[in-house]
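Okay, so here's the structure we're looking at.
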């Protein structure tokens, strides 16, 4: 195994700036949204409560939901000794709690991490990835997933998506109100109500669209951050790059119908299982593979120069 004996958690400064700027833009957008909705007298409090309940359930049960979606099961050290041994070494070096370890019964090569904090985290790999990667490549993948846990990515993405969920729910509610007579309410001031309803509907669409773009950008940045941190953790960026290329190459040859079976967990995966996402640009949840690999090779040269 290629392990760096003196691991320290090095962040990519430029990447951190882009992530914080994206979160700032999301906060500003949501402040604008809430201000406009309250100004128009929309019943946003009720929608916020429903959205909070929905996301709360998702947040606290994310590990169980994704395990069920992936047909995965938690495994013991006796069942998967090599997998546990790799994670034991990595978490010791990273100074973090050991997550639960699971294996998904699918031939599609991939891996993911979930959990609201380190005490409730889980790392899952598929049977397909264990069959196709060598030990160093698999270790690189596990390092990436552990960085998602250390960076609290589930928490960050849940918080980032909260008001986007509110906007989507309000957008649907306003659409149904308009279809079922909301536009014609109150003879006195009916025109004002209709105008307010239309403005709220258009603002909800705009906020949802822009928020989605920002959340997807944040998701891509966090994949880069997990690549960066995981590569530093193992000391072998080129092995993670090799693993990503292998996974991507296999996925490109898997029939679309088979990939649809794991589509619900796609946002968690180390490599997108959606065909064509590499062409999606601003609408992709994962960075382009060539850019991820190029960054990792650049990091490998940087680390080699320090030795």
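In our numbering, the protein residues as written are 257 to 563.
Idealized CB from N, CA, C, for every residue including glycine.
**Request:** Express the C-alpha separation of residue 453 and residue 440 in angstroms, rounding to a whole number.
**Result:** At residue 440, the pLDDT of 48 sits below 50, so the modelled position is not reliable; the number obtained from the coordinates is stated separately. If I take the Cα positions, the gap works out to 11 Å.
**Request:** Could you check how far apart the C-beta atoms of residue 527 and residue 504 are, in whole angstroms? I think they sit under 8 Å.
**Result:** Their Cβ separation, rounded to whole angstroms, is 5 Å, which keeps residue 527 and residue 504 in contact under 8 Å.
**Message:** Let me check you understand the geometry: is the CB of residue 419 closer than 7 Å to at least one non-hydrogen atom of the ligand MN?
**Reply:** Among the components of this structure there are no ligands whatsoever, and the ligand MN is therefore not found.
**Request:** Find the nearest neighbour of residue 283 within the set 403, 343, 349, 416, judged by alpha-carbon distance.
**Result:** With respect to the C-alpha of residue 283, the residue from 403, 343, 349, 416 having the closest C-alpha is 416.
**Prompt:** Can you give the Cα-Cα distance for residue 322 and residue 521, rounded to whole angstroms?
**Reply:** Approximately 6 Å, taken between the alpha carbons.
**Asked** In angstroms, rounded to a whole number, what distance separates the CA positions of residue 281 and residue 269?
**Response** Residue 281 and residue 269 have their alpha carbons spaced roughly 18 Å apart.
**Request:** Using a Cβ cut-off of 8 Å (strictly closer), state whether residue 310 contacts chain E.
**Result:** No chain E is present in this structure, which holds just one protein chain.
**Message:** Under 8 Å, with one C-beta from each stretch per pair, do the region 464–481 and the region 356–369 reach the 3-pair mark?
**Reply:** Inter-segment contact for the region 464–481 and the region 356–369 is absent: fewer than three beta-carbon pairs are separated by less than 8 Å.
**Request:** State the DSSP-derived secondary structure class of residue 490, mapped to helix, strand or coil.
**Result:** Assignment of residue 490 by DSSP, reduced to helix, strand and coil, places it in the helix class.
**Item:** Whole alpha helix (DSSP H) elements within the region 333–387, 4-residue minimum
**Value:** Within the region 333–387, complete alpha helix (DSSP H) segments of at least 4 residues are found at 337–350, given in chain order.
**Rounded C-alpha distance that separates residue 320 from residue 561** = Cα to Cα, residue 320 sits roughly 43 Å from residue 561.
**Prompt:** So is residue 369 buried or exposed if we call it buried at 16+ other beta carbons inside 10 Å?
**Reply:** Buried, by the Cβ-count rule.
**Message:** Between 346, 309, 330, 300, which has its C-alpha nearest residue 485's C-alpha?
**Reply:** Comparing alpha-carbon positions, the option among 346, 309, 330, 300 lying closest to residue 485 turns out to be 346.
**Prompt:** Run through DSSP, which three-state label would residue 328 get?
**Reply:** In the structure shown, residue 328 falls within a strand segment according to DSSP collapsed to helix, strand and coil.
**Asked** Just how far apart, CA to CA, sit residue 279 and residue 299?
**Response** One alpha carbon belongs to residue 279, the other to residue 299, and they sit about 26 Å apart.
**Message:** Threshold first: 3 residues or longer. Then list the beta strand (DSSP E) segments lying entirely within the region 403–432, N to C.
**Reply:** Runs of the beta strand (DSSP E) lying entirely within the region 403–432 and spanning at least 3 residues: none are present.
**Asked** Span of the alpha helix (DSSP H) holding residue 554?
**Response** Run containing residue 554: 545–562, per the alpha helix (DSSP H) assignment.
**Asked** Just to confirm, are residue 421 and residue 311 a CB contact at a threshold of 8 Å?
**Response** Going by C-beta atoms, residue 421 is nearer than 8 Å to residue 311.
**Message:** Quick check on the burial criterion: 16 or more other C-beta atoms within 10 angstroms. Buried or exposed for residue 512?
**Reply:** Exposed, since its Cβ has fewer than 16 Cβ neighbours within 10 Å.
**For residue 313 and residue 396, the rounded distance between their alpha carbons** = Approximately 31 Å, taken between the alpha carbons.
**Request:** Output the distance between the C-alpha atoms of residue 474 and residue 543, rounded to the nearest integer angstrom.
**Result:** Distance between the alpha carbons of residue 474 and residue 543 is about 10 Å.
**Asked** Between the C-alpha atoms of residue 273 and residue 448, what's the straight-line distance to the nearest angstrom?
**Response** For residue 273 and residue 448, the gap between their C-alpha atoms comes out near 43 Å.
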